[in-house]
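Trainee: Chains as they are written, first to last, in the working numbering: chain A, 18 to 222; chain B, 5 to 145.
Every residue, glycine too, gets a C-beta built ideally from N, C-alpha and C.
#1: Could you pull the DSSP bridge partners for residue 57(B) from this structure?
#2: Does chain A have any CB closer than 7 Å to the CB of residue 41(B)?
#3: Contact between the region 159 to 173 of chain A and the region 54 to 64 of chain B: three or more CB pairs below 8 Å?
#4: What are the partner residues of residue 88(A), as DSSP defines its beta bridges?
#5: Is it a yes or a no for the region 209 to 220 of chain A touching the region 169 to 189 of chain A, going by three-plus beta-carbon pairs under 8 Å?
#6: Who are the neighbours of residue 118(B) on chain A, taking C-beta pairs under 7 Å?
#7: Under 7 Å, Cβ to Cβ, is there at least one residue of chain A near residue 112(B)?
#8: So that I know if they touch, is there some Cβ in chain A lying closer than 7 Å to that of residue 115(B)?
#9: What's the call for residue 103(A), buried or exposed, on a 16-neighbour Cβ count within 10 Å?
#10: Does the beta carbon of residue 144(A) come closer than 7 Å to any beta carbon on chain B?
#11: Return the first residue and the last residue of the alpha helix (DSSP H) that residue 116(A) is part of.
#12: What are the boundary residues of the alpha helix (DSSP H) that residue 103(B) is part of?
#13: Tell me where the alpha helix (DSSP H) around residue 185(A) begins and ends.
#14: Quick check on this structure: which residue in 8(B), 29(B), 144(B) has the alpha carbon closest to the alpha carbon of residue 86(B)?
#15: Here's a check: name, in chain order, each residue in its chain whose Cβ is nearer than 6 Å to the Cβ of residue 225(A), leaving out the five neighbours to either side.
#16: Compute the distance between the beta-carbons of residue 114(B) and residue 202(A), then report whether it is under 7 Å.
#17: In chain B, which residues lie less than 9 Å from residue 168(A) when you measure between Cβ atoms?
#18: Grab the span of the alpha helix (DSSP H) containing residue 48(B) for me, first residue to last.
#19: Counting Cβ pairs, one atom from each stretch, are 3 or more of them under 8 Å apart for the region 23 to 38 of chain B and the region 140 to 156 of chain A?
#20: With a threshold of 8 Å on Cβ separation, who are the neighbours of residue 45(A) within its own chain once the five nearest residues in sequence on each side are excluded?
#21: So, with DSSP's three-state summary, where would you put residue 100(A)?
#22: Using CA coordinates, which residue listed in 108(A), 193(A), 209(A) is at the minimum distance from residue 47(A)?
#23: In chain A, which residues lie less than 8 Å from residue 76(B) when you measure between Cβ atoms?
#24: Mind checking the region 37 to 65 of chain B against chain A and listing, in chain order, the residues whose C-beta falls within less than 7 Å of any C-beta there?
#25: Alpha carbon to alpha carbon, what distance is there between residue 75(B) and residue 155(A)?
#26: Here's the rule I'm using: 16 or more other beta-carbon atoms within 10 Å means buried, otherwise exposed. How should residue 43(A) be labelled?
#27: Taking residue 147(A) as the query, report the chain D residues whose CB atoms sit under 9 Å from its CB, ordered along the chain.
This is the structure:
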C-alpha cells in the first residue's frame, strides 16, 4: 500500500493504491449523497403531505419533480475522492459554540448571533492574508453556526452531537455541491437531524 | 396573512440573494461567507428597531434574508446569471411560506431550502437549454 500526503494545504489528498480503501471512501461519499437527497426529498415531501388538501400543492409537486431530476443531472458522475482536512472541519464546533453562547448567555437572536459569527469568521482571511489554512475557516465556522440556530431545546450536548455529525459530513463533502448556495446549511441540517434521531432512539430505548 | 406579508418577505429574499451574489462576485476579497453574514447583520440590526406593523413582518425578515443570502453564496460558474439567482430566491420564498411543521426549528433548514431552490433552478435552466438544442436539431433534420 502506498500513500502520498500533500502537506500545508487546507485539504489533504490521499491516493491509496489499496483498492478496498478506495471502495470504502467511495461508499461513504455516495452514502452522504444519498442522505442529502433523502433529506431534501423528505423536506419537500413534508410540504406536499401537509398541503395535499390545497390547490397550491401543485407548484410543490413540480418542484419535487425538478429536484428529483437534479439528482440524475448532478449526482450521476465520477467523483474525485478528496476529503477536507479535520484541522479546518474542527472549527464547526467553534462556530456552533460561539452562536450557542451568543444566544443563551447574551440572549441574542439566532440570526443576529449567526451573522456576527459569520462576519468575524469572514474577516479572518482579510486579517491573515495569504494563509491557506485561515482561508478555509470561514466556511467551517459558518456551517457550525447554523447548527446552533436550532430551536430544539436539548442543551449544549445536542449542539455538540450535531456538530460531530456535521463535522464528518463536512469532511466527506469536499467534492460535493461545490459552488451551490445552501451547501453549508444542508450539512448543518444533516448534523441536526442525525443528532435528533439519536436522541429519539436513546429516549425510546 | 395579507399580500404585504408575502410581498415583503419575497422581496427580502430577492434582495438578499442578488445583493450577496453581486457583493462576493464583484469584490474578490469578499468571501461568500462575509458577503452573506455582513448583509444579514445590517438588515437584522435595522429590523430589530422596528416592530411588525402594516403587514410587514420585521421579525421574520432576518430569517428570510439570511436564507436568501445563502442562495447568493452560489458561484457564477454554477448559476451563470442573476435571473437564475432571482428565480431561486422566489422558489425559496415559496418553500419558506409553506415549510413543513415537522422541521420547524431545525438548524440548517433555511440552508437546505436554499440548496433545493438553487438545484432546481440549475437543473431547469440546463434542461431548457438541452430542449432548445434538441428542437433546433430536429428542425435542421
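Mentor: Judging by the given coordinates:
#1: BP columns for residue 57(B) point to 60(B).
#2: The C-beta of residue 41(B) comes closer than 7 Å to at least one C-beta of chain A.
#3: Contact between the region 159 to 173 of chain A and the region 54 to 64 of chain B is absent: fewer than three C-beta pairs spanning the two stretches fall below 8 Å.
#4: Note: residue 88(A) sits in no beta bridge, so no partner.
#5: A contact exists between the region 209 to 220 of chain A and the region 169 to 189 of chain A.
#6: Those within 7 Å of residue 118(B) in chain A are 198, 199, 202.
#7: It does; some Cβ of chain A falls within 7 Å.
#8: Closer than 7 Å to some Cβ of chain A, the Cβ of residue 115(B) qualifies, so yes.
#9: Its Cβ having fewer than 16 others within 10 Å, residue 103(A) is exposed.
#10: No - not a single Cβ of chain B is within 7 Å of the one on residue 144(A).
#11: In this chain, the alpha helix (DSSP H) harbouring residue 116(A) covers 108 to 121.
#12: Residue 103(B) -> no alpha helix (DSSP H), and no H or E assigned at all.
#13: Counted as a single uninterrupted DSSP element, the alpha helix (DSSP H) harbouring residue 185(A) occupies residues 173 to 189.
#14: Selected option, being the one with the closest Cα: 29(B).
#15: Outside the shown range of chain A (18 to 222) lies residue 225(A), about which nothing can therefore be said.
#16: For residue 114(B) and residue 202(A), yes; Cβs fall inside 7 Å.
#17: Within chain B, the residues near residue 168(A) are 108, 109, 110, 111.
#18: Membership of residue 48(B) in the alpha helix (DSSP H) is indicated by the continuous run 36 to 51.
#19: Yes, the region 23 to 38 of chain B touches the region 140 to 156 of chain A.
#20: For residue 45(A), where only same-chain residues beyond five positions count, the Cβ hits under 8 Å are 189.
#21: Shown here, residue 100(A) sits in a strand according to DSSP, grouped into three states.
#22: Among 108(A), 193(A), 209(A), the Cα nearest to that of residue 47(A) belongs to 193(A).
#23: In chain order: 198.
#24: Taken in chain order, the members of the region 37 to 65 of chain B whose beta-carbon sits within less than 7 Å of a beta-carbon on chain A are 37, 38, 40, 41, 42, 44, 45, 48.
#25: Each residue's Cα considered, the two are about 17 Å apart.
#26: Of the other Cβ atoms in all chains shown, fewer than 16 fall within 10 Å of the Cβ of residue 43(A); this residue is therefore exposed.
#27: No chain D is present in this structure, whose protein chains are A and B.
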